[in-house]
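Report on one structure; see the data block that follows.
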Amino acid sequence: MAKGYDENQLRKNELNFLAKDLVRRSRSKCELCEADGVKLTVFEVPPESDHVSADQCLFICETCREQIEKPKRMDADHWRCLNNSIWSEIPAVQVISARMLKRLSNEHWAAELLEQAYFDEEVEARIATAE
């Protein structure tokens, strides 16, 4: 059990090491809803790979994180922010934005936005992988 704990702690340390790069990239705003002045944390886009990199991570607020991790608590109005984030040049932001739009596909605006979005092949493949 200690080995698993140690590996988990090591991974957390690697993710925290990326925080400075993510702060710079995000300009200290949530990369999904653009909230500023709130606590932001590193979120690794599933599925996790062996190597941790900023390209696979987002800097997001607690509201976005909670709703990603606990879909039953999802507030559809909060996710209207995806109108902006879906067009991000950052692949990890595109992946999570598209996955959230799929979860919200019963909302007309979300289904329409997802239909309008274009992704390159690599992003499409990451969107399709199991969360």
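If you read the sequence shown in the numbering used here, its first letter stands for residue 353, the second for the next number, and so on. Even glycine gets a Cβ: it sits at the ideal position worked out from N, Cα and C.
>> Between Phe369, Asn360, Arg417, which has its C-alpha nearest Asn448's C-alpha?
In response: Locating residue 448 in the sequence shown gives position 96, where the first residue counts as 1. Per the sequence shown, residue 448 should be read as Ile rather than Asn. If we check each option's Cα against that of Ile448, Arg417 comes out closest.
> Would Ser378 pass as a contact of Phe411 if the rule is Cβ separation under 8 Å?
Replying inline: Taking the first residue of the sequence shown as 1, we reach residue 378 at position 26. Taking the first residue of the sequence shown as 1, we reach residue 411 at position 59. Yes.
> Helix or strand or just coil, what does DSSP make of Val445?
Replying inline: By 1-based counting over the sequence shown, the position of residue 445 is 93. If DSSP states are grouped into helix, strand and coil, Val445 belongs with the helices.
> Going by C-alpha distance, which of Leu370, Glu366, Glu383 is nearest Trp439?
Replying inline: Working through the sequence shown from its first residue, we reach residue 439 at position 87. Per the C-alpha coordinates, the member of Leu370, Glu366, Glu383 positioned closest to Trp439 is Glu383.
> Can you tell me whether DSSP reads Phe369 as helix, strand or coil?
Replying inline: Within the sequence shown, numbered from 1, the residue matching residue 369 stands at position 17. Reduced to three states, the DSSP call for Phe369 is helix.
>> Between which two residues does the alpha helix (DSSP H) holding Leu384 run?
In response: Numbered from its first residue, the sequence shown carries residue 384 at position 32. Counted as a single uninterrupted DSSP element, the stretch harbouring Leu384 is not any alpha helix (DSSP H), since DSSP gives it neither H nor E.
> How about Ile420 and Met452: are their beta carbons less than 8 Å apart?
Replying inline: The residue given as residue 420 occupies position 68 in the sequence shown. The residue given as residue 452 occupies position 100 in the sequence shown. Yes, the Cβ-Cβ distance between Ile420 and Met452 is below 8 Å.
>> Can you confirm whether the region 423–433 touches the region 369–378 when touching is taken to mean that 3 or more C-beta pairs between the two stretches lie within less than 8 Å?
In response: Touching, no, given that fewer than three Cβ pairs across the two stretches are closer than 8 Å.
> CA-CA distance, Gln468 and Thr415?
Replying inline: Counting from one through the sequence shown, the residue named residue 468 turns up at place 116. Counting from one through the sequence shown, the residue named residue 415 turns up at place 63. So the alpha carbons of these two residues sit roughly 26 Å apart.
> Is the beta carbon of Ala497 sitting closer than 8 Å to the one on Leu466?
Replying inline: Because residue 497 is not part of the residues shown, which for the chain are 353 to 483, the question remains open.
> Based on the DSSP secondary-structure assignment, which residues constitute the bridge partners of Ile412?
Replying inline: In the sequence shown, residue 412 corresponds to position 60, counting from 1. Answer is Thr393, bridged to Ile412.
> Rounded to a whole number of angstroms, what is the C-alpha to C-alpha distance between Tyr470 and Lys355?
Replying inline: For this step, residue 470 is matched to residue 118 along the sequence shown. For this step, residue 355 is matched to residue 3 along the sequence shown. Distance from the CA of Tyr470 to the CA of Lys355, rounded to the nearest whole angstrom, comes to 42 Å.
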